[in-house]
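Worksheet: one structure, shown below.
2 protein chains.
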Amino acid sequence: MPADRSFDLDGLSNELRNVLGDRLSTSQAIRDQHGQDESFHPIAAPDLVAFANSTDDVAKIVKLCAKYKAPVIAFGAGTALEGHVNAIYGGVCIDLGQMDAVMEVHTEDMDVSVQAGVRRRQLDEHLRDTGLHFPVDPGADATLGGMAATGASGTTTLRYGAMQQNVLAATMVLANGDIVKLGTRARKSSAGYDLLHLMIGSEGTLGIITELTLRLYGRPEVEASGVCAFDTVQNMVDAVTLAIQSEIPLARMELMDELAIYAVNMYAGLNNEVAPTLFLEFHGTPASVADDQKRFGEIADEFGGKGFRAASSPQERKKLWRARHEALYAAKSFNPGKNGLITDVCVPISKLAQSIADTRKDFDEHGILAAVVGHVGDGNYHTTIWVEPGDDAALKTAQGAVKRMVERALAMGGTCTGEHGIGMGKRLFLQEEHQSAMTMMRTIKLALDPDNIMNPGKVI
Amino acid sequence: MPADRSFDLDGLSNELRNVLGDRLSTSQAIRDQHGQDESFHPIAAPDLVAFANSTDDVAKIVKLCAKYKAPVIAFGAGTALEGHVNAIYGGVCIDLGQMDAVMEVHTEDMDVSVQAGVRRRQLDEHLRDTGLHFPVDPGADATLGGMAATGASGTTTLRYGAMQQNVLAATMVLANGDIVKLGTRARKSSAGYDLLHLMIGSEGTLGIITELTLRLYGRPEVEASGVCAFDTVQNMVDAVTLAIQSEIPLARMELMDELAIYAVNMYAGLNNEVAPTLFLEFHGTPASVADDQKRFGEIADEFGGKGFRAASSPQERKKLWRARHEALYAAKSFNPGKNGLITDVCVPISKLAQSIADTRKDFDEHGILAAVVGHVGDGNYHTTIWVEPGDDAALKTAQGAVKRMVERALAMGGTCTGEHGIGMGKRLFLQEEHQSAMTMMRTIKLALDPDNIMNPGKVI
C-alpha cells in the first residue's frame, strides 16, 4: 500500500459530474455520513459520494476511478461493524442505496433477483405473499449487497446457512470497470472456478456487487419457541451438541450469559433467572414442531436444564424471547453516550464453553463489564465493550481484551470473526489466522486490482 | 498454453528418485493406469507416477516439477468423468491413494480430518460406530480429495449439500510447492477471502488438496423410502417443487425416465410400470418420517402420482429402490463393449421437465437410445450415450447431442455441469457459460500458477 494516494480530484470530479449530474455529491454532511459504519472507528469521509442507479452507472464510475487511480468504496446501509466503509484514503464512495429494485421472484425455483441496495426487511415484505422467505438475518436492516460483501450470517445460520450458502449468482463490477456475471440460477454447478464465493465476503476489495440472485425457502407452517436456563454454559453447550447430533432441525439457538440476563432484567423489569439461558426457535409442521420441542425438552432435562418452556402462539413466543430482543437496548441504556466496541469470534462447538469462560475471566481481571450473547449452535459469540469517547486508556484495555479473545479462539482452531468480517478492525488478526494463506490472498488481490483502488486499506 | 511442454525428464526423474526411492514408477502399465479416468477420452499417460505418503512428499514433488516446469497432476481413484486426470502434456502424476489415514474424528464438533486419499466407503465404515456420517455420495467410490477437487455432489445433495457446503478446511500444495491451510474447524467464518471455495472444484489446476476437514451429520434414526410413477415428467417436477416449498426435508429424490425403467425391467426381470418414476428417501425420527411420507403421498396424489408406495424396513426399502440401483448395470448390459459418453447438466427446476423433453426429442431425432436419470430436486440430470469404440460417426453424433443439450441448459439459466466438472470434455462449454468471467478465471490461474504446471489443459 503506497502512502501516497493522491489523485487529480478535480479532473475525476468533472468527469463523474458529466456522467451523474446531481447524483454526485461533495457536501460535507453527505461525505461524513458515508465515512463510517456502526463501529467505533472515527469518520474518514470520501472526497465524493456518487449515487448509482444501475450496474452500468457503477461500471462507469469505477472505470473513471481506475483511470485516475482513485480509491472506490461501495456503501449500502452503513451497518458494518469493523470500519468496512471508512474512506481512509479518500476517493469515491458509491452509494448503492437507490438500487433497491426486487427484480424477479421465481416462486417455483424458490429464488429472487435483487439489486444490491435492497434491504433485508424490504425483501421480507416483498416476499410476504409468496409463501417464501429469505432467512439470513444479521440483526441490522442491512442491504443484501452489503450482506453478501461481508459474508453476513446470524441467528438462523444454524438451519439455513450464511450468505455463502444462499447466494446463487451475482453481477459484479471489477476494478477495471468490467461487468461480470458469476454463478447461475441452477441449484448447483461444478463448472469452473468458484469466483462467486471468492467475492462473497471480500468486502468490496475485489469488486462491487450490483445484483444478486438469492435462494429462498418455504415459510414454515409453524414457528415455535422455547427458553431454558442452565447451571453452566458447559451444560447448555452439551445439550445443544446432542440436539444437533440428533438432527433436531432447530432454526435458532441463542445464548445469553448471566450478565446479559441480569442487565435485561434490570432494564425491562423482567424476572428471568440469572443464569446462562438458551433461546430456541423451531420451524416445521404442527406435528414436527411438537416432536422437536418434546425431544429438545428431554435433552435439556438430561443436562440439568431448569424448566424448559415452549410456546407456539405469536404472543407467547414474543414473551419468551423478550429478553433476547431487548438485550442490545439494555446494554445501551446502561452505557449512555459510550461507544460500543462490538466483536465476535467463532470456535468449534466443543471449545465454546471454555472460550466463553476464559473471556469472562479475562474481562473480570481487567475490570471490563461486558455481556456475552451468541449463536451457540455455530460456536459463534459476540460481546460489546463500552468505552467513553476520548478515554484512550479504556479503549486500549478493551482492544487488549479483544486481542486475547481472538488469540484464544485461534488457538482453539477457531476464526477471528464468525460474521462481522475484517474491515479495518481485524486486519492484524487475519494475518495471525491465515499465516500461510496471506500470500495467496495478496496475490489474488494484486491480480484483480493491481492499482489497489477497491476499498484500499481493508481486509489485507 | 504453449505447445512446447518439453522439460528435462531425466533430470527431474533423478531428483524425484532421490526423494521417493521406489515410490517413483516409470512402468508403462502403471503410467497407463494413471493416464485416464472413467470417461471415453483416450489414455494420455504421464511420464512418471509418484506415490505420495504425506503433504510434505507432495510439496517436495511439486517444488521439483516447478523447478523443471513439468506438468503435475493429482490422482485419487480415477473415477472422474471428463478426462480430469489424463496427462495430455505428460509430466508427473502424483498418486494420493496411499494417503488414506482418517486422522481425527471430533464427535462433539461433528467433523473429521482425513488425508486426501481416503475413499468415501472407507470413511463411511470408519464412522459407523460414531453415530455420525458424511453424506456426499457421487455414486463412485471416489477419494475425498478427488471429490473436493471436482466439487462433487450426488443423490443426497438436496438435503445435505455438495462438497462445497461440507468441506470446513483443507491443506493444499500450491504451484510453487508452498503448503497452505485454508478454512478452520469453526462452523463459519467471515475472515478474509474464501480461498477454500476457490480451490474446491478447481480440478487440481490451482493446487493439490492433501488433507481435508469435513462436516459430519448425525445418522438418522430412521431411513425410509418411497416410490411413485407419474404420467409425465412435468407432473413429477410439479410434485417435487411443492414438496420442497413445503419444506419436506427429503434426503434423496431420484428420477428415472420411461426408457430407464424399461431397460431395468428387461435386465432385472422387474415389472415396474413404464413411466417416469420418482425414488424418494426420508431421514428422521419415526414420527417425522411418517409425517413426511404422509405429506408427500398427498402431494403426489394431487399431481396424479400413480400409487405412491412407502417402506421403512431395510428389506422393503431395497426392493422399492432396486430399479434405481440396477439402472447403470442395465444400461451396460444392453451396450456390451461400448464406451459410455456420460454427461450431466443442471437447470432451474422450473425448466427441468422442458429440458428433459427437449433432450429426449433431440435424441429421438438423431437415433440415440439413451436413458435419463437425475437428481430432480436439484434440477440436475444425467444421460449416457453408448458408442462403439472406433465408430467416429457415432461419437460425433453423440457429441453433437451433448452440445445441444448443454446449450439448451445454458439458455434456460442453467449450467453445463451440475457435478461432473469441466476436465477436458467441457472446456468449450465453460467459455459459453462464463463469457464475462473467463478473463477473471484466467487471471487467477496465471497469478497462482504462472508456468501452468498444475494439471495443464484442464478447466481453462
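Read top to bottom, the protein sequences are chains Z and V.
Numbered as in numbering that gives the first Met the number 0, the first sequence ends at 459 without a single skipped number.
Numbered as in numbering that gives the first Met the number 0, the second sequence ends at 459 without a single skipped number.
We put the beta carbon where it would ideally sit given N, CA and C, even for glycine.
Which residue marks the beginning of the beta strand (DSSP E) containing residue i, and which one marks its end?
i                  : result
His-365 of chain V : No beta strand (DSSP E) holds His-365 of chain V; DSSP gives it neither H nor E.
Asn-525 of chain V : Because chain V is modelled from 0 through 459, residue 525 of chain V falls outside the range shown and cannot be assessed.
Val-179 of chain Z : 178-182
Glu-253 of chain Z : 249-255
Val-401 of chain Z : Counting along the chain, Val-401 of chain Z falls outside any beta strand (DSSP E), though it belongs to the alpha helix (DSSP H) covering 391-410.
Ile-384 of chain Z : 379-386
Arg-308 of chain V : 305-310
Ala-169 of chain V : 166-173
Since residue i and residue j are thought to touch, with beta carbons under 8 angstroms apart, how far apart are those beta carbons, to the nearest angstrom?
i                  : j                  : result
His-132 of chain V : Asp-140 of chain V : In fact, because the Cβ distance is near 15 angstroms, the residues do not count as touching under 8 angstroms.
Gln-97 of chain Z  : Ala-44 of chain Z  : Not a contact, Cβ separation roughly 20 angstroms.
Gly-163 of chain Z : Gly-150 of chain Z : Residue identity check: residue 163 of chain Z is Gln in the sequence provided, not Gly. That pair is a contact at about 6 angstroms.
Lys-435 of chain Z : Val-179 of chain V : One point to set straight first is that residue 435 of chain Z is Ser, not Lys, in the sequence displayed. At roughly 4 angstroms, the Cβ-Cβ gap stays under 8 angstroms, so Ser-435 of chain Z and Val-179 of chain V are in contact.
Val-172 of chain V : Gly-206 of chain V : 6 angstroms
Gly-115 of chain Z : Thr-209 of chain Z : Note on identity: in this sequence residue 115 of chain Z is Ala, with Gly being the wrong assignment. That pair is a contact at about 5 angstroms.
Gly-77 of chain V  : Asp-36 of chain V  : 5 angstroms
Val-263 of chain Z : Ala-326 of chain Z : 6 angstroms
Asp-46 of chain Z  : Val-18 of chain Z  : Between Val-18 of chain Z and Asp-46 of chain Z the Cβ distance is about 16 angstroms, and since that is not below 8 angstroms, they are no contact.
Arg-321 of chain V : Ala-267 of chain V : 7 angstroms
For residue i, collect the residues of the same chain with a Cβ closer than 6 angstroms to its Cβ; drop the 5 residues on either side in sequence, then sort them by chain order.
i                  : result
Ala-440 of chain V : The residue you asked about is not Ala; residue 440 of chain V is Met in the sequence shown. These residues qualify, in order along the chain: Ile-459.
Ala-161 of chain Z : Ser-152
Ala-309 of chain V : Gly-225 and Gln-292
Ile-384 of chain Z : Leu-340, Ile-367, Ala-369 and Ala-397
Asn-175 of chain Z : Ala-65
Asp-230 of chain Z : Gly-303
Leu-143 of chain V : Val-113, Val-117 and Leu-211
Leu-296 of chain V : Residue identity differs from the one stated: residue 296 of chain V is Gly in this sequence, not Leu. Taken in chain order, the residues that qualify are Phe-307.
Gly-424 of chain Z : Glu-81 and Gly-82
At a CB-CB cut-off below 8 angstroms, which residues of chain Z make contact with residue i?
i                  : result
Asn-379 of chain V : Ala-185, Arg-186 and Lys-187
Where do the N-terminal and C-terminal ends of the alpha helix (DSSP H) with residue i fall, by residue?
i                  : result
Gly-296 of chain Z : 285-301
Leu-525 of chain Z : A question about residue 525 of chain Z goes unanswered here, because the residues of chain Z that appear run from 0 up to 459.
Phe-428 of chain Z : 426-432
Leu-143 of chain V : 143-149
Leu-319 of chain Z : 313-324
Ala-446 of chain V : 437-447
Closer than 7 angstroms by beta-carbon distance: list the chain Z residues that pair up with residue i, in chain order.
i                  : result
Asp-108 of chain V : Pro-347, Ile-348 and Ser-349
Val-179 of chain V : Ser-435, Ala-436 and Met-439
Ser-245 of chain V : Gly-217
Thr-209 of chain V : Simply none; closest approach about 13 angstroms.
Ile-443 of chain V : Tyr-192, Ile-443 and Ala-446
Ile-355 of chain V : Under the 7 angstroms cutoff, chain Z gives no residues; its nearest Cβ is about 14 angstroms from Ile-355 of chain V.
Asp-290 of chain V : Thr-284, Ala-286 and Ser-287
Give me the chain V residues within the contact set of residue i, using Cβ-Cβ distance strictly less than 8 angstroms, ordered along the chain.
i                  : result
Ser-112 of chain Z : Near Ser-112 of chain Z there are no residues of chain V at all, since even the closest Cβ is about 10 angstroms away, more than 8 angstroms.
Gly-412 of chain Z : Thr-183, Arg-184 and Ala-185
Val-458 of chain Z : Gly-191 and Tyr-192
Gly-130 of chain Z : Gln-244
Pro-248 of chain Z : Pro-248
Which residues in chain V have a C-beta closer than 7 angstroms to the C-beta of residue i? List them in chain order.
i                  : result
Cys-415 of chain Z : Ala-190
Gln-314 of chain Z : Here the premise fails: no neighbours, minimum Cβ distance about 24 angstroms.
Leaving aside the five residues before and after residue i along the sequence, list all residues of the same chain whose C-beta is less than 8 angstroms from its C-beta, in chain order.
i                  : result
Val-375 of chain V : Met-235, Val-236, Val-239, Met-252, Glu-253, Leu-254, Leu-277, Ile-348 and Leu-351
Asp-177 of chain V : Ala-58
Which residues in chain V sit within 9 angstroms of residue i, going by Cβ to Cβ distance?
i                  : result
Ser-201 of chain Z : Gly-191, Tyr-192 and Asp-193
Glu-432 of chain Z : Thr-183, Ser-188, Ala-190 and Gly-191
Suppose the cutoff is 7 angstroms on Cβ atoms and the five residues either side in sequence are ignored; what does the same chain contact list for residue i look like?
i                  : result
Met-0 of chain V   : Interpretation of Met-0 of chain V is limited by its pLDDT of 47, a score under 50 that renders its predicted location unreliable; no figure is taken from the coordinates.
Phe-362 of chain V : Ala-369 and Ala-400
Glu-202 of chain V : His-83, Ala-148, Thr-149, Gly-420, Ile-421, Gly-422, Asn-454, Lys-457 and Val-458
Met-411 of chain V : Val-346, Pro-347, Lys-350 and Ser-354
Val-48 of chain V  : Ser-24, Ile-29, Arg-30, His-33, Cys-92 and Asp-94
Is there at least one Cβ from chain B nearer than 7 angstroms to residue i's Cβ?
i                  : result
Gly-420 of chain Z : Of the chains in the structure shown, none is chain B; the protein chains are Z and V.
Exercise. Where in the region 196-237 of chain Z do unbroken runs of the beta strand (DSSP E), each at least 3 residues long, occur, reported from the N-terminal end onward?
Worked result: 207-214 and 221-228
Problem set entry | beta strand (DSSP E) runs wholly inside the region 63-120 of chain Z, at least 3 long, in chain order | 71-74, 91-94, 101-105 and 110-114
Problem set entry | Any alpha helix (DSSP H) of 4 or more consecutive residues that is wholly inside the region 3-51 of chain Z | 8-19 and 27-32
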